[in-house]
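Comments concern the structure below.
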Ligand code: ADP
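Numbering (our numbering), first residue to last: 61 to 225.
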C-alpha cells in the first residue's frame, strides 16, 4: 500500500528550508504531494501559479506532484484521499500555531494525522517572510533560496520598486 502524504503551505516563496523538508519527507513517504494554499485574504508576493512554478523549478523532479488548493485543508485532503499532513517545526515559536492547526484539523476530521519534521539546523531561522524582507532591502539571500527563486524575486522586487517611482 502506498501512503500519500501532503505538505501544505504558503510557499511564498519556497526556501531551502522547505526544500530540505521535502527531501526528508520523501524518504519517509512514497507519495508526497506539495499543496500550495490559495487564500485571497492573505497578501502574497507571488500568485499561486507562480508559487507552484517556483517549487517545480526548484525541485526539478517531475515525480513530485505540486498543485494549489483553495478550500479547507481537510476538504482538500478528503477530495484527494489523503490522511497525512506533513509540517515543519523550526523554533518553539512555531509550536503554538502548528499545534492548534493540527488539533483543529483533527477536530474537523478525526482521520487526519499531522506529522512534524524538525527543521534542519542550518534552516532553523529561515522563513519566507525573512527572505522577502532581506531582498526588498537589497540583501543577499543566495544561501537561503534556490537560484531560480532568487532570480524571480529580484525581478518581482524591481517591478515593485519601479511601480513606486
Ligand atoms: P504557512 O503559511 O502554511 O505556515 P509556510 O510556507 O510559511 O506556510 O510554511 C509551510 C510549512 O513549512 C510550515 O509547517 C513551516 O513550519 C514549514 N517551514 C517553513 N520554513 C521552514 C524551514 N526553514 N525549515 C523547516 N520547515 C519550514
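Beta carbons: idealized from backbone N, C-alpha and C, even for Gly.
In the three-state reduction of the DSSP assignment, residue 145 falls in the strand class, which pools E and B. Per the coordinates, the alpha-carbon of residue 98 lies some 15 Å from the alpha-carbon of residue 66.
In this structure, DSSP gives residue 150 a state outside helix and strand, which the three-state scheme calls coil. Cβ atoms of residue 217 and residue 195 come within 8 Å of each other, at about 6 Å.
With a cutoff of 7 Å, residue 154 counts as near the ligand ADP, since its C-beta is closer than that to a heavy atom of the ligand. In the same chain as residue 180, and ignoring 5 residues on each side of it, the C-beta atoms closer than 7 Å to its own belong to 80, in chain order. Residue nearest to residue 132 within the set 172, 86, 89, 84 is 172 (criterion: CA-CA distance). For residue 84, the Cβ stays outside the 7 Å cut-off from all heavy atoms of the ligand ADP. Per DSSP, the unbroken alpha helix (DSSP H) holding residue 111 starts and ends at 108-119. Under the DSSP definition of a beta bridge, residue 178 partners with 149. For residue 125, same chain residues with a beta-carbon under 6 Å away, outside a window of 5 residues either side, are 93 in chain order. According to DSSP, residue pairing for residue 75 in a beta bridge does not occur.
Annotation: the continuous beta strand (DSSP E) that includes residue 93 extends over 91-97. Residue environment analysis places residue 115 among the buried positions, since at least 16 neighbouring C-beta atoms fall within 10 angstroms of its C-beta. Rounded to whole angstroms, the gap between the alpha carbons of residue 189 and residue 182 is 17 Å.
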